[in-house]
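Residue numbers (the working numbering): 558 to 1013. Worksheet for the structure shown next.
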Amino acid sequence: MIKRNRYTSIVLIIVAFVYIWTVFNISKWRKNLVINNDTVSYYSYLPATFIYKDLRFNFVDSLPLDFEGRIWFQTVDNSSRVQKMTMGLSVLYAPFFFIAHTIAQIGDYEANGYSSIYGMFLCLAGLFYGLLGLFVLSKVLFRIFNDKITALTILIIAFGTNFFYYVTNEGEMSHSFSFFLFSIFLYYSIQWNERQSWLSVMSIGLSGGLIVLVRPSNLVAFIIPIIYGVYNFETLKTKINLLLKNWWQLVVMVAIVIIVFSPQLFYWKFTTGNWFYYSYGNEGFFFTKPHIINGLFSYRKGWLIYTPIMLFAIIGILMLFRRLREFSVAIAVFLIVNLYIIFSWWSWWYGGGFGARPLIESYVFLSIPLAVFLDYIFNQIKTAKYITGFLLLILIVLNLFQTLQYRRTIIHWDSMTKQAYWSVFGKLKFPNDYNSLIKTPDYESALKGEPEKKKK
């Protein structure tokens, strides 16, 4: 019997309409505010390569004064200039950059790589990859769950998490792109474990290479295909035999990952003289001092404070061990290791942002336990279904409302406290004492891995 995905299709259409409307309603490219903050570094490879023909960034010295602050770089040995971020996003931006550059050359925009038309197409790139990521994820879920559960899971991720903000409001950031790559990666990881096709090998290698090229710490995603299907000693032996039997495919897969990442190695060699270069300077990880509790529950950026609906996914992980065992160990190990790595970063709150933004791409993997939880609940008595459904609705509305608050800076980008959070809860106006309630993070101490100093 052919499964029909009517509800999922309707949800995807609704999501696409709302996301597109929101992006064009915000239209921050008109004020040329897109190529800003981290995007400056992610994007810089494209204009440097295709407009200024200078990956050493010496051209910056001859730019007009109004370009000040528009192009960042690190200085190596007081001479060479190198980008802080890896080039993965530039690769994914590229088709949209070329369209924007063509329009700029024949239209009324400055074809300098930084006029508003380029920002517009970066926003459209984030929207494109974000929606495509949801579509691919729906294909993954629909292989395992029925139409209604798949549709509800997509709806929750699209409107109940900070994924909504980072596609519609800051789509130029890395998260919608990584979400898309994680979706492709998961789809073909499952396929490879079921039947070891060369298409799956190529797709895992390509998507996995891009995942690492966008954010090297996301190498942790490879836990999923490696451990998938393992949940006891017998399945562990079966998995080891599968890997050994198909060792040649694994070699090809790793080779593809290395090839995809190799342009970054050549860039580092060209600019610094070294094949590997740590471009973050004095910023780093403190693996002996992780801030996992803060990362999960702090009012500054706590994941489960600003995205509480994902509690259902965490509960669902426990259910995996009885209801969908092939995913159980892989997703549990991935989440533990990923949380540890993410919240060991010196700035565990990751500067300015809405909630725990480094976890957004993880929602792809967490959609499985989330759907397991929903499937269990919606097969219970009506009372349980109605209570859960009402709670889900409340949490979705809360996320959308807090997204609006964040856009208006009522929820501060990096300085929220418990007092500030509850003073603005459910409100669209600042309280009179707001500035006395927020607390600027102690970035200087955090860089050293030291506790924040109390302000006098």
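Every residue, glycine too, gets a C-beta built ideally from N, C-alpha and C.
Closest in alpha carbon position to residue 909, among 872, 846, 997 and 836, is 997. Residue 749 and residue 596 have their C-alpha atoms spaced approximately 34 angstroms apart. Just so you know, the alpha carbons of residue 944 and residue 865 end up roughly 16 angstroms apart. When the five nearest sequence neighbours on each side are left out, the beta carbons in the same chain lying within less than 6 angstroms of the beta carbon of residue 599 are those of 642 and 646, in order along the chain. Judged by beta-carbon spacing, residue 972 lies within the 7 angstroms limit of residue 995, meaning their Cβ atoms are closer than that value. Beta-bridge annotation (DSSP): residue 639 is paired with 631. If you check the CB distance, residue 765 and residue 736 do not come in under 7 angstroms. In the three-state reduction of the DSSP assignment, residue 903 falls in the coil class, being assigned neither a helical nor a strand state.
In the displayed model, residue 842 falls within a strand according to three-state DSSP. When DSSP states are grouped into helix, strand and coil, residue 753 belongs to the coil group. Secondary structure of residue 976 (DSSP, three-state): helix. In the three-state reduction of the DSSP assignment, residue 805 falls in the helix class. When DSSP states are grouped into helix, strand and coil, residue 937 belongs to the coil group. Setting aside the 5 residues that flank it on each side, residue 677 is surrounded in the same chain by 586, each with a C-beta closer than 6 angstroms to its C-beta; the list follows chain order. Less than 7 angstroms separates the beta-carbon of residue 963 from that of residue 911. Annotation for residue 705: the continuous alpha helix (DSSP H) segment containing it runs 704-717.
Contact between the segment 751-766 and the segment 699-710 is absent, with fewer than three C-beta pairs closer than 8 angstroms.
Of the candidates 999, 1011 and 967, the residue whose Cα lies closest to the Cα of residue 992 is 967. It is roughly 16 angstroms from the alpha-carbon of residue 917 to the alpha-carbon of residue 889. In the structure shown, residue 876 falls within a helical segment according to DSSP collapsed to helix, strand and coil. In this chain, the alpha helix (DSSP H) harbouring residue 696 covers 673-701.
For residue 915, the CB contacts under 7 angstroms within the same chain, skipping 5 residues up- and downstream, are 899 and 907 in chain order. Of the candidates 610, 698, 564 and 615, 698 places its Cα closest to the Cα of residue 881.
Separation of residue 919 and residue 843 (C-alpha to C-alpha, rounded to the nearest whole angstrom) is 21 angstroms. Between the beta-carbon of residue 870 and that of residue 923 there is about 4 angstroms, and that keeps the pair under the 8 angstroms contact cut. Rounded to whole angstroms, the separation of the alpha carbons of residue 823 and residue 660 is 31 angstroms. Taking C-alpha positions only, residue 796 is separated from residue 955 by approximately 42 angstroms. Pairing residue 695 with residue 589 gives a Cβ-Cβ distance that is not under 7 angstroms.
If you draw a 10 Å sphere on the C-beta of residue 921, you find 16 or more other C-beta atoms in it, and that means buried.
Rounded to whole angstroms, the Cβ separation of residue 960 and residue 574 is 17 angstroms, and the two are not in contact under 8 angstroms.
Rounded to the nearest angstrom, the Cβ distance from residue 767 to residue 817 is 6 angstroms, consistent with a contact under 8 angstroms.
Just measuring C-alpha positions, the residue of 572, 847, 845 and 1009 sitting nearest residue 684 is 572. Boundaries of the alpha helix (DSSP H) harbouring residue 595: 595-600, taken from the DSSP string. Going by beta carbons, residue 592 and residue 666 fall outside the 7 angstroms limit. For secondary structure counted as the alpha helix (DSSP H) over 4 or more consecutive residues, the segment 781-825 holds these complete runs in sequence order: 790-802.
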